[in-house]
Amino acid sequence: MVNHTQTTKTISLDSYGIKDATVRYQLSPKKLQELTIEKGLGKETSDGTLAINTGKFTGRSPQDRFLVEDDYTRDHVWWGKTNKGISPENFDYLQSQIEQYLSGKEIFVRDGYVCADPKYKMNVRTITEYPWSNMFIYNMFLRPTEEELENFQEEWLVLCAPGYSCPEPDKYGLRQGNFSILNFTKKIALIGGSAYTGEMKKGIFSALNMILPVDKNVLPMHCSANVGEAGDTALFFGLSGTGKTTLSADPDRRLIGDDEHGWTAEDSIFNFEGGCYAKVIDLTEEKEPDIYRAIKPGAILENVIFKDNGEVDYMDSTITQNTRVSYPIYHIDNIQTPSYAENPTNIFFLTCDAFGVLPPISKLTPSQAAYHFISGYTAKVAGTEAGITEPVPSFSACFGEPFMPLHPTKYAEMLSKKMKDAGVNVWLVNTGWTGGSYGVGTRMKLKYTRAMIQAVLNGDLGLYNYDDYHIHSVFGVAQPRSCPGVPKEVLSPRTTWNDDQAYYTTAFKLANSFRENFKKFEEFASEEIRRGGPQRYSF
């Protein structure tokens, strides 16, 4: 059994180069919250939930993420804008500086692990400057039992020092004083200058996105997952704002996890994490009941604004649109324990198409699935970023490009093979606009999207034949002609526009964006994957 109030022993950090530190080891979340309040590093909401401010950085800083270039990474990594190299010598210098910085301080250490499947379990020791950073790791990583802690040996180490900023960044291969660096040879994730907790989570999961496919023959996936009473597993891929967390939270299905999973050669799916890290901007109990109810003592709110009565104003984005909450997965009532299950039966690619031209649901062939997986499409709408006045296509390879060290085609080929071997159905779901683009049309009703997902899970849309589906003339995907609980006209995006020329002009505009984005993958993609793209004609 895991004791959720673990406080076991103290340890020395001398072997890590951290000298004369006061080490607080494996403190309970309650104690870490108390220390956070005592030190003036956070405050409590009216119901006793901890709220903290991450300071200058309210999100990840992808331009300051580096991988050490050495014998392990040199020939594996897809080097470029996403994966920037740094020398082992510069890493060693920065590590020594953080060790010196942490020496003599009160330091918080937590032992945990990632990967719920025992065969792929990876122990991680995390050393943090702040108590609430340590509490975040308690929430997000898997929690060992007291017996597992007795002889704990870490495989990876996370060093997190938000208060350290490199004074001479140019000299040591950095862009500015903050950094997040992975060293696969030393097995260290090094974070300096940023208090944003997601740097720790995404650092170790980026490491898994390299280790699992290269060394373990496991496909890592940025997706949520749930499982039905019959043991049927469903995966939900999608970028921020597409409904990944919302649609995987189903009262009739057990949640495996909401963000990171592995698909093994033994035909199973496992959660990387022990918790959830969800956006809370505009949160209401009606829209997101599971997340709303999980925000209670033990959770950590980030960068939120308070009302005068001590309640959180979830509508207020004064600090950031990226307000967040982390909580251990046991704050959700209906979960899969332990958090792994069998091969998926259905996979959903979620996109918020602000152009309003993709069908609300369509079935993909294996080649189309690989193409759309590599593309990772959604759209930005007016108001999300300065200067955006109309929909803008946004592509993130494998629905998680910032965290993928390998070339996207490597993951796509693994996914394609697994889909074929498992006979899994893959669906493209547009949770975005219908009846016109953003500003003209309306957002797809959540009740219709839920009905379509439910129809798939019930088997009502499972079999493909030409009588039941229409092939989209631009994107080539198979859109169903009918679905229980959804008006027939909603299933045809062209019909909802009532203007064929405007619809097809916009559809081909988006199709051209897909093809333009795919150019950077073409030389590495197989002919089968290339065939999965949209048509090349114009209206």
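Each number in this note's numbering comes from the position in the sequence shown (counting from 1) with 1118 added on.
All C-beta atoms in this analysis are idealised placements derived from N, C-alpha and C, irrespective of residue type, glycine included.
(message) For L1220 and L1482, I'd like the C-alpha separation in whole angstroms.
(response) On the sequence shown, residue 1220 is found 102 positions in, with the first residue counted as 1. On the sequence shown, residue 1482 is found 364 positions in, with the first residue counted as 1. When rounded, the distance between both Cα atoms is 52 Å.
(request) Pull up the distance between the alpha-carbon of N1616 and that of G1553, whole angstroms please. (result) Counting from 1 along the sequence shown, the entry for residue 1616 is found at position 498. Counting from 1 along the sequence shown, the entry for residue 1553 is found at position 435. Computed Cα separation, rounded: 8 Å.
(message) Give me the residue from R1568, T1360, F1297 and F1491 with the minimum Cα distance to I1204.
(response) Residue mapping note: residue 1204 aligns to position 86 of the sequence shown, counting from 1. The residue with the shortest Cα to Cα distance from I1204 is F1297.
(request) Helix, strand or coil for C1284, going by three-state DSSP, please let me know. (result) In the sequence shown, residue 1284 corresponds to position 166, counting from 1. Of the three classes helix, strand and coil, the one that applies to C1284 here is coil, per DSSP.
(message) Considering just the uninterrupted stretch of the beta strand (DSSP E) at E1646, what are its terminal residues?
(response) If you number the sequence shown from 1, residue 1646 lands on position 528. Counting along the chain, E1646 falls outside any beta strand (DSSP E), though it belongs to the alpha helix (DSSP H) covering E1645 to R1648.
(message) Could you tell me which whole beta strand (DSSP E) segments of length 3 or greater appear in the region 1407-1488?
(response) 1418-1420, 1442-1446, 1458-1460, 1462-1469 and 1479-1482
(message) From the DSSP secondary-structure annotation, give me the bridge partner or partners of N1241.
(response) Mapped onto the sequence shown, residue 1241 falls at position 123. For N1241, which the question treats as bridged, DSSP gives the partners Y1231.
(message) Tell me the DSSP secondary structure of E1162 in three-state form.
(response) Residue numbering aside, residue 1162 sits at position 44 when the sequence shown is read from its first letter. Three-state result, E1162: strand.
(request) May I ask which residues mark the beginning and end of the beta strand (DSSP E) holding S1512? (result) Taking the sequence shown and counting its residues from 1, one reaches residue 1512 at position 394. Per DSSP, S1512 belongs to the beta strand (DSSP E) from V1510 to F1513.
(request) Can you tell me the Cβ-Cβ gap for L1229 and F1254, rounded? I've got them flagged as a contact below 8 Å. (result) The residue labelled residue 1229 in the question sits at position 111 within the sequence shown. The residue labelled residue 1254 in the question sits at position 136 within the sequence shown. Looking at the sequence provided, one finds Asp at residue 1229 rather than Leu. Rounded, the Cβ-Cβ distance is 15 Å, inconsistent with contact.
(request) Please classify Q1597: does DSSP put it in a helix, a strand, or coil? (result) Here residue 1597 is taken as the residue at index 479 of the sequence shown, counted from 1. DSSP places Q1597 in strand when its eight states are reduced to three.
(request) Decide yes or no for the touch test of the region 1442-1451 against the region 1607-1616: beta carbon pairs closer than 8 Å, at least 3 of them. (result) no
(request) Starting from S1179, trace the alpha helix (DSSP H) both ways and give me its first and last residue. (result) For the purposes of this step, residue 1179 is identified with residue 61 of the sequence shown, where counting begins at 1. Where S1179 is concerned, there is no enclosing alpha helix (DSSP H), given that its DSSP letter is neither H nor E.
(message) According to DSSP, G1375 sits in a beta bridge with which residue or residues?
(response) As a working note, residue 1375 is residue 257 in the sequence shown. A1343.
(request) Mark V1422 as exposed unless 16 or more other C-beta atoms lie within 10 angstroms of its C-beta, in which case mark it buried. (result) Walking along the sequence shown from the start, residue 1422 turns up at place 304. Buried, because 16 or more other Cβ atoms sit within 10 Å of the Cβ of V1422.
(request) With DSSP as the reference, please indicate the residues paired to H1590 in a beta bridge. (result) If you number the sequence shown from 1, residue 1590 lands on position 472. According to DSSP, which records beta bridges pairwise, H1590 is partnered with nothing at all.
(request) Enumerate in chain order the residues of its own chain whose CB-to-CB distance from A1504 is below 6 Å, with the five nearest sequence positions on each side excluded. (result) Walking along the sequence shown from the start, residue 1504 turns up at place 386. With a pLDDT of 42 at A1504, under the threshold of 50, the modelled position of that residue is not reliable, and the figure given next carries that caveat. Same-chain partners within the cutoff: there are none.
(request) Give the DSSP-derived three-state secondary structure of L1220 in the structure shown. (result) Here residue 1220 corresponds to residue number 102 of the sequence shown, with the count starting at 1. In the structure shown, L1220 sits in a helix (DSSP, three-state: H, G or I).
(message) I'd like the list of long-range same chain contacts for F1467, defined as Cβ closer than 6 Å, with 5 residues on each side in sequence excluded.
(response) Counting from 1 along the sequence shown, the entry for residue 1467 is found at position 349. F1355, H1490 and L1546.
(request) Assuming N1335 and A1383 form a contact by the criterion Cβ under 8 Å, report the distance between their Cβ atoms to the nearest whole angstrom. (result) Residue 1335 sits at position 217 when you count from the first residue of the sequence shown. Residue 1383 sits at position 265 when you count from the first residue of the sequence shown. N1335 to A1383, Cβ: 5 Å. Contact.
(request) Going by CA-CA distance only, name the one from T1244, I1306 and Q1181 that's closest to R1293. (result) The residue you call residue 1293 lines up with position 175 of the sequence shown. Selected option, being the one with the closest Cα: Q1181.
(request) Within 10 angstroms of the Cβ of G1393, are there 16 or more other Cβ atoms? Answer buried if so, exposed if not. (result) Within the sequence shown, numbered from 1, the residue matching residue 1393 stands at position 275. Burial call: buried.
(request) Mind checking who Y1395 pairs with in its DSSP beta bridge? (result) Taking the sequence shown and counting its residues from 1, the one referred to as residue 1395 is at position 277. Bridge partners of Y1395: S1444.
(request) Give the DSSP-derived three-state secondary structure of E1503 in the structure shown. (result) Position 385 of the sequence shown, counted from the first residue, corresponds to residue 1503. Caution is warranted here: a pLDDT of 44 is assigned to E1503, below 50, making its placement in the model unreliable, and the coordinate value is therefore given only provisionally. Three-state DSSP puts E1503 in coil, outside helix and strand.
(request) Counting only the same chain and skipping the five closest in sequence on each side, list residues whose C-beta sits under 6 Å from that of A1472. (result) Taking the first residue of the sequence shown as position 1, residue 1472 is located at position 354. Once the five neighbours on either side are set aside, the close Cβ partners of A1472 are A1497, V1499, P1509, G1550, W1551 and Y1556.
(message) Given this structure, state the Cα-to-Cα distance separating E1645 from A1487, to the nearest angstrom.
(response) Against the sequence shown, residue 1645 aligns to sequence position 527. Against the sequence shown, residue 1487 aligns to sequence position 369. Roughly 14 Å separates the two Cα atoms.
(message) By the three-class DSSP mapping on this structure, what secondary structure does G1135 have?
(response) Taking the sequence shown and counting its residues from 1, the one referred to as residue 1135 is at position 17. Coil, per DSSP.
(message) Judging by CA-CA distance, which residue of N1208, I1589 and N1327 is the nearest neighbour of K1289?
(response) Within the sequence shown, residue 1289 is the residue found at index 171, counting from 1. Selected option, being the one with the closest Cα: N1208.
(message) Excluding the 5 residues flanking Y1744 on each side, which residues of the same chain have their C-beta closer than 8 Å to its C-beta?
(response) No answer is possible for residue 1744: it lies beyond the span of the chain, which begins at 1119 and ends at 1657.
(request) Determine, using beta carbons only, whether T1441 and I1409 come nearer to each other than 8 Å. (result) Numbered from 1 along the sequence shown, position 323 holds the residue referred to as residue 1441. Numbered from 1 along the sequence shown, position 291 holds the residue referred to as residue 1409. Going by C-beta atoms, T1441 is not nearer than 8 Å to I1409.
(message) Less than 8 Å between the C-beta atoms of I1216 and G1310, yes or no?
(response) Here the question's residue 1216 lines up with position 98 in the sequence shown. Here the question's residue 1310 lines up with position 192 in the sequence shown. The answer is yes: Cβ separation under 8 Å.
(request) Return the Cβ separation of I1322 and V1232 in integer angstroms, given the expectation that the two are a contact with Cβ distance under 8 Å. (result) As a working note, residue 1322 is residue 204 in the sequence shown. As a working note, residue 1232 is residue 114 in the sequence shown. That belief holds up - the Cβ atoms of I1322 and V1232 are roughly 6 Å apart, short of 8 Å.
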